[in-house]
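Down below is the structure, laid out as structure tokens.
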Amino acid sequence: MKPPVVPSCCPAWLGRLLLLPVSCLLAACAVGPDYSGPPALEYDLSTWQQESPAAVATDPTALGRWWTSFDDETLEELVLQTLAANHDLAQAASRVREARAQRRQVGAAAWPSLDLSGSAVRRKQGEADSESLYISGLDASWELDIFGRVQRSRKAAQADAMAALESGRALRVSLLAEVALNYVDLRAFQTRLRLAVANVHRQQQTYDLIQKRLELGLASELELREGESNLANTRALIPPIETGLRRTMHRLAVLAGKQPGALDPLLEEDGNIPVARLDIVVGIPADLLRRRPDIRQAERQLAAQTARVGVAKADLYPRFTLNGTLSFQATDTADLFTSMSRAGSFGPAFQWNIFNAGSVRSNITVQNERQRQALLAYEKSVLQALEEVENAMVSYARELDRRRELQRAVAASRQSVRLARTMYMDGLRDFSHVLDSQRNLFLQEDQLAESHAAVTAHLIRLYKALGGGWSIRSAP
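Those letters in the sequence shown? Residues 3 to 478, by our numbering.
Structural data, given as structure tokens:
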């Protein structure tokens, strides 16, 4: 390749100055570290410590729309409304658009800039007649990215834009889990309310029976007051449940971008606690590196910070530009664009902050430390993801065990209530056995309802920990 031809009108030193940046540009001597992808981790990502509590499905699309596995139309409607109108999601989308605009803004620095100017003035000097002066000009400038400052800045902005996108996805994952968990709470409150009302009805029947027996002289005043106390205690449990139910309905409305109470017609109808009907897509720990948006976000932030180290190092070296100017100046508009009114210049220029080296090197140290912090944040995000999945799996498995035992306890308590009532009527047991058996039954039924909800809640947290809620196939 022939060296660039320097115009003969330029001084020799200016020609050599022009040859330096062009030669370096051809050699692509960008400074700073090159980012080669996610760093290698020393963790064992081949298997989980906790055995998977359910069969493992192989289709990853089940994770993208995990809420459909519950086959609950109300939940699916809530998800649709939340995705359409949630304010946090709208803010996240705005931040993505902002980051992409910043990426385009930074990318524009790689291209020449062109400025057009013009003016018209009326001037007078001394006793001479006043005259008009018309000026028009065109200024062009192009920074030669010799040491990669612009290139690194573009890479940092691109990584920032991807990090903003992953942040939005992470918010989506958390938001969908929050909607589902609140919906489970809603159904749990409704179930517990039904149980409480049913127990009030049963205890009211017992109280009425004791009252009749008292009138016949077959029961004591003490038994009547014990029955009344038991009934009042059960009734007192209903208001807190109703409060929790209403608060949950309000929360779901706000998550869907609506005012509290707007979704009451959708949510007031009783329903059962949702139960998943599909297998859990657990995979292996290494899948989290691709699946979890927060890990992907941390990795992109590391890439951006690595590029900023290069930007800081490029400030140690001079910045070269090619500048050109074309101007026209005349006292009559008819002569404005003639050859006699034209003037122009073209040539290279450089800027070098040679007396700010201490500040530049300090900034390099700052950016290096920020890169190290970004690396540590990436490693921490991986560890937290592993912890959340392990915790969700063990919580889900152990809650399944607890639910089985509570189901046995409820079955035994129901039989105990029947036996206690029969033996009391036969005079073989006193009334306290009836009251105790009824209290135990209500307590265990309430715990079983909470356990049903906890099983589903732990499953939802497992889906969240696995990064479910968005389609990885559509990811860039």
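All residues carry an ideal CB built from backbone N, CA and C; glycine is no exception.
**OP:** Helix, strand or coil for serine 364, going by three-state DSSP, please let me know.
**Re:** Translated into positions along the sequence shown, residue 364 becomes position 362. Reduced to three states, the DSSP call for serine 364 is helix.
Original post:
What's the C-alpha gap between threonine 60 and proline 287?
Top reply: For the purposes of this step, residue 60 is taken as residue 58 along the sequence shown, with counting starting at 1. For the purposes of this step, residue 287 is taken as residue 285 along the sequence shown, with counting starting at 1. Note that threonine 60 scores a pLDDT of 40, beneath 50, so its modelled location is shaky; the value from the coordinates is reported in the next line. So the alpha carbons of these two residues sit roughly 15 Å apart.
**OP:** Consider the C-beta atom of serine 222 and the heavy atoms of the ligand GDP; say whether any pair is separated by less than 7 Å.
**Re:** This structure lacks the ligand GDP, and indeed carries no ligand of any kind.
**OP:** Examine the Cβ distances between the region 374-383 and the region 299-316 and report whether three or more of them are shorter than 8 Å.
**Re:** These segments touch.
Original post:
When DSSP labels each residue in this structure, what does alanine 123 get in the three-state scheme?
Top reply: Taking the first residue of the sequence shown as position 1, residue 123 is located at position 121. In the sequence on display, residue 123 carries valine and not alanine. Strand at valine 123.
Subject >> Candidates Leu328, Trp354, Phe352, of which the one nearest methionine 342 by Cα >> reply: Numbered from 1 along the sequence shown, position 340 holds the residue referred to as residue 342. Looking at the Cα atoms, Leu328 is the closest of the given residues.
Subject >> Short Cβ contact (8 Å threshold) for alanine 163 with arginine 102 >> reply: In the sequence shown, counting from the first residue as 1, residue 163 sits at position 161. In the sequence shown, counting from the first residue as 1, residue 102 sits at position 100. Contact flag set, yes.
**OP:** Measure the alpha-carbon distance for serine 48 versus asparagine 201 and round it to whole angstroms.
**Re:** Residue 48 sits at position 46 when you count from the first residue of the sequence shown. Residue 201 sits at position 199 when you count from the first residue of the sequence shown. Approximately 50 Å, taken between the alpha carbons.
**OP:** List the endpoints of the continuous beta strand (DSSP E) containing proline 350.
**Re:** Locating residue 350 in the sequence shown gives position 348, where the first residue counts as 1. Residues 344-353.
**OP:** Pull up the DSSP beta-bridge partners for threonine 327, would you.
**Re:** On the sequence shown, residue 327 is found 325 positions in, with the first residue counted as 1. Per DSSP, the beta-bridge partners of threonine 327 are Asp141, Ser347.
**OP:** Between the Cα of glycine 120 and those of Gly469, Leu65, Arg105, Ser138, spot the shortest distance and give me the residue it belongs to.
**Re:** To locate residue 120, count along the sequence shown from 1; it is residue 118. The shortest CA-to-CA distance from glycine 120 to any of Gly469, Leu65, Arg105, Ser138 is the one to Ser138.
Subject >> proline 320 vs phenylalanine 348 beta-carbon contact at 8 Å >> reply: The residue given as residue 320 occupies position 318 in the sequence shown. The residue given as residue 348 occupies position 346 in the sequence shown. Result no, Cβ atoms of proline 320 and phenylalanine 348 do not sit closer than 8 Å.
Subject >> C-alpha gap between arginine 2 and arginine 310, whole angstroms >> reply: Outside the modelled stretch of the chain, which goes from 3 to 478, sits residue 2, for which no answer is possible.
**OP:** Could you check what DSSP says for alanine 115 in three-state terms: helix, strand or coil?
**Re:** To locate residue 115, count along the sequence shown from 1; it is residue 113. The sequence shown places serine at residue 115, not alanine. It is a strand residue.
**OP:** State the Cα-Cα distance for the pair glutamate 79 and glutamine 153, rounded to the nearest angstrom.
**Re:** In the sequence shown, residue 79 corresponds to position 77, counting from 1. In the sequence shown, residue 153 corresponds to position 151, counting from 1. Their backbone Cα atoms lie some 46 Å apart in a straight line.
Original post:
Which parts of the region 360-435 are runs of the beta strand (DSSP E), unbroken and 3 residues or longer, counting only runs that do not cross its ends?
Top reply: Runs found: none.
**OP:** Give the straight-line distance between the Cα atoms of alanine 86 and alanine 258, rounded to the nearest whole angstrom.
**Re:** Counted from its first residue, the sequence shown places residue 86 at position 84. Counted from its first residue, the sequence shown places residue 258 at position 256. Alanine 86 and alanine 258: Cα-Cα distance of roughly 8 Å.
Subject >> Limits of the unbroken alpha helix (DSSP H) element including glutamine 83 >> reply: Translated into the one-based positions of the sequence shown, residue 83 becomes position 81. Counting along the chain, the alpha helix (DSSP H) containing glutamine 83 begins and ends at 75-87.
**OP:** Assign histidine 460 to buried or exposed, taking buried as 16 or more other Cβ atoms, counted over all protein chains shown, within 10 Å of its Cβ.
**Re:** Residue numbering aside, residue 460 sits at position 458 when the sequence shown is read from its first letter. Burial call: buried.
Original post:
Of all the options Ala64, Cys31, Asp74, which has the alpha carbon lying nearest to the alpha carbon of glycine 273?
Top reply: As a first step, residue 273 must be located in the sequence shown, where it is residue number 271. Closest option to glycine 273, Cα to Cα, is Asp74.
Original post:
Where does leucine 220 sit, in a helix, a strand or coil, going by DSSP?
Top reply: Residue mapping note: residue 220 aligns to position 218 of the sequence shown, counting from 1. When DSSP states are grouped into helix, strand and coil, leucine 220 belongs to the coil group.
**OP:** Give me the Cα-Cα distance between glycine 285 and valine 98, rounded to the nearest whole angstrom.
**Re:** Along the sequence shown, read from residue 1 onward, the residue named residue 285 stands at position 283. Along the sequence shown, read from residue 1 onward, the residue named residue 98 stands at position 96. Their Cα atoms are separated by approximately 30 Å.
**OP:** Can you give me the Cβ contacts of serine 176 inside the same chain, cut-off strictly under 8 Å, excluding the 5 residues immediately before and after it?
**Re:** In the sequence shown, counting from the first residue as 1, residue 176 sits at position 174. The beta carbon of serine 176 lies closer than 8 Å to those of Lys466 in the same chain, with the five residues before and after it left out.
Original post:
For valine 199, which residues from the same chain have a beta carbon less than 8 Å from its beta carbon, with the 5 sequence-adjacent residues on both sides left out?
Top reply: Your numbering for residue 199 matches position 197 in the sequence shown. Hits under 8 Å: Ile240.
Original post:
How about tryptophan 50 and glutamate 392: are their beta carbons less than 8 Å apart?
Top reply: Translated into positions along the sequence shown, residue 50 becomes position 48. Translated into positions along the sequence shown, residue 392 becomes position 390. Yes, Cβ-Cβ distance for tryptophan 50 and glutamate 392 is below 8 Å.
**OP:** Return the residue from the list Thr236, Ser38, Ala190, Ala221 that minimises the CA-CA distance to leucine 247.
**Re:** To locate residue 247, count along the sequence shown from 1; it is residue 245. Measuring from the Cα of leucine 247, the nearest candidate turns out to be Ala190.
Original post:
So alanine 264 and alanine 255 are in contact, right, with Cβ under 8 Å, and what is the actual spacing, rounded?
Top reply: Along the sequence shown, read from residue 1 onward, the residue named residue 264 stands at position 262. Along the sequence shown, read from residue 1 onward, the residue named residue 255 stands at position 253. Taking a contact as a CB-CB distance under 8 Å, the pair alanine 264 and alanine 255 counts as one, their CB atoms being some 5 Å apart.
Subject >> One or two residues paired with arginine 321 in a DSSP bridge >> reply: Taking the sequence shown and counting its residues from 1, the one referred to as residue 321 is at position 319. Beta-bridge pairing links arginine 321 to Gln353.
Subject >> Where glutamate 271 sits in the DSSP three-state scheme >> reply: Here the question's residue 271 lines up with position 269 in the sequence shown. Three-state DSSP puts glutamate 271 in coil, outside helix and strand.
Subject >> Residue nearest to alanine 221 in terms of C-alpha spacing, selected from Gln369, Asn365, Tyr426, Gln449 >> reply: As a working note, residue 221 is residue 219 in the sequence shown. Checked all of Gln369, Asn365, Tyr426, Gln449; the closest Cα to alanine 221 is Tyr426.
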